[in-house]
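Residue numbers (UniProt numbering): 1 to 108.
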């Protein structure tokens, strides 16, 4: 997986289900975490993030984005502007990396 790029430099206006985000974290995660854009488990036609790395991988949806986001994608601009409010309050959005959804052959 070498196609990581800075979120703030992304030219994609939106992130769909399966998009990966990697960023420096901390408790309750490891020092770095990878999350994936996913459908909200409450069937609310909203998207959210689920952790896919480390000890918390696969445990519930980490956050469900508000109704102002689309049910089919998250606006890249919205996520950048709302990073500390909705994802990681102590994080620096300038250091967040993004990766398009993987296909099966990319996973070793």
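Glycine included, every Cβ here is placed at the ideal spot set by N, Cα and C.
Which residues DSSP lists as bridging residue 22, in chain order:
The count along the chain shown starts at 1 and reaches residue 22 at position 22. Residue 22 is bridged to 34, 97.
Through-space distance from residue 42 to residue 61, alpha-carbon basis
Here residue 61 corresponds to residue number 61 of the chain shown, with the count starting at 1. Here residue 42 corresponds to residue number 42 of the chain shown, with the count starting at 1. So the alpha carbons of these two residues sit roughly 10 Å apart.
DSSP state of residue 52, grouped into three classes?
Position 52 of the chain shown, counting from 1, holds the residue named residue 52. The answer is coil: DSSP assigns residue 52 none of H, G, I, E or B.
Which of helix, strand or coil does DSSP assign to residue 63?
Counted from its first residue, the chain shown places residue 63 at position 63. Three-state result, residue 63: strand.
Just the Cα atoms here: how many angstroms apart are residue 101 and residue 91?
What you label residue 101 is simply residue 101 of the chain shown in a count that begins at 1. What you label residue 91 is simply residue 91 of the chain shown in a count that begins at 1. Their backbone Cα atoms lie some 23 Å apart in a straight line.
Return helix, strand or coil for residue 9, following the three-state DSSP convention.
Taking the first residue of the chain shown as position 1, residue 9 is located at position 9. Residue state, collapsed to three classes: helix.
Are the beta-carbon atoms belonging to residue 14 and residue 93 less than 8 Å from one another?
As a working note, residue 14 is residue 14 in the chain shown. As a working note, residue 93 is residue 93 in the chain shown. No, the Cβ-Cβ distance between residue 14 and residue 93 is not below 8 Å.
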